[in-house]
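Under our numbering, read the sequence shown as residues 51 to 202, first letter to last. What follows is a single structure, written as structure tokens, with notes after it.
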Amino acid sequence: MFVSAFQPDTGESTGELNARWPGSKLGEDTMLVRLYPGGRDLYLRPECFAEVYAADLPAATVARMAATQRPVDPAALGEAFTGTPTWRERRSWTLVSTHDDSLPVSAQRAMAERAGSSVVEVAASHASPVSQPSAVAALVRQAAAARTVPVR
């Protein structure tokens, strides 16, 4: 199950995939790097959080999410996926967020098509699990109803 998510193939990185298709608002203007002893943390700038990540949520929810976001090590964005992706061996389901300004919609659609996913599209930001929980739950139920996950 992929919800507003990357579906990398062997050798691909999330940074490379996000840059392959236009439309992401992630970048130097919207990101903030904080140094700490031994490394760096990458955050979305709080003032950009709604626009880039959660434009369809109430301001109070966005403020809480921005303040409690978990950082990522910037190096992780360049790390290539190793191994065989599960979508090559098992049936998959994908929820595409059509108002996503973090992960381009065209990227979500292309990766879902390549994976042969069953796709549901919702008018939602990247924070679709928060803004569209019913749609996400319905997709989970759809996948669970399949009961078996046949090898492709």
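Ideal placement from N, C-alpha and C gives every residue a C-beta, glycine not left out.
CB contact flag (residue i, residue j, <8 angstroms)
| i | j | result |
| --- | --- | --- |
| T80 | F131 | no |
| A177 | A104 | yes |
| Q158 | D150 | yes |
| S156 | F52 | no |
| L153 | S74 | yes |
| S184 | D106 | no |
Pairwise C-alpha distance: residue j and residue i
| i | j | result |
| --- | --- | --- |
| A113 | P179 | 17 angstroms |
| G166 | W137 | 8 angstroms |
| L25 | E97 | Here the chain comprises residues numbered 51 to 202, so residue 25 is not present and cannot be evaluated. |
| P108 | E101 | 12 angstroms |
| E78 | A196 | 43 angstroms |
| P124 | R95 | 14 angstroms |
| E171 | A188 | 12 angstroms |
| R90 | A173 | 34 angstroms |
| P135 | A55 | 14 angstroms |
| A110 | W71 | 31 angstroms |
| A116 | S175 | 14 angstroms |
| A69 | Y93 | 18 angstroms |
| G133 | S168 | 23 angstroms |
| Q57 | R140 | 13 angstroms |
| V186 | F99 | 21 angstroms |
| L76 | R164 | 24 angstroms |
| E129 | L82 | 20 angstroms |
| G65 | A160 | 16 angstroms |
Backbone secondary structure at residue i - three-state DSSP
| i | result |
| --- | --- |
| R140 | strand |
| M51 | coil |
| S168 | strand |
| L145 | strand |
| L82 | strand |
Next item on the list: Check whether the region 76-96 touches the region 180-199, counting contact only when three or more Cβ pairs, one atom from each stretch, lie closer than 8 angstroms.
Entry: no
Check: Do the region 142-155 and the region 113-123 touch if we need at least three Cβ pairs shorter than 8 angstroms?
Finding: no
Next item on the list: Any chance you could list the alpha helix (DSSP H) runs of at least 4 consecutive residues sitting entirely within the region 86-116, in chain order?
Entry: 99-103
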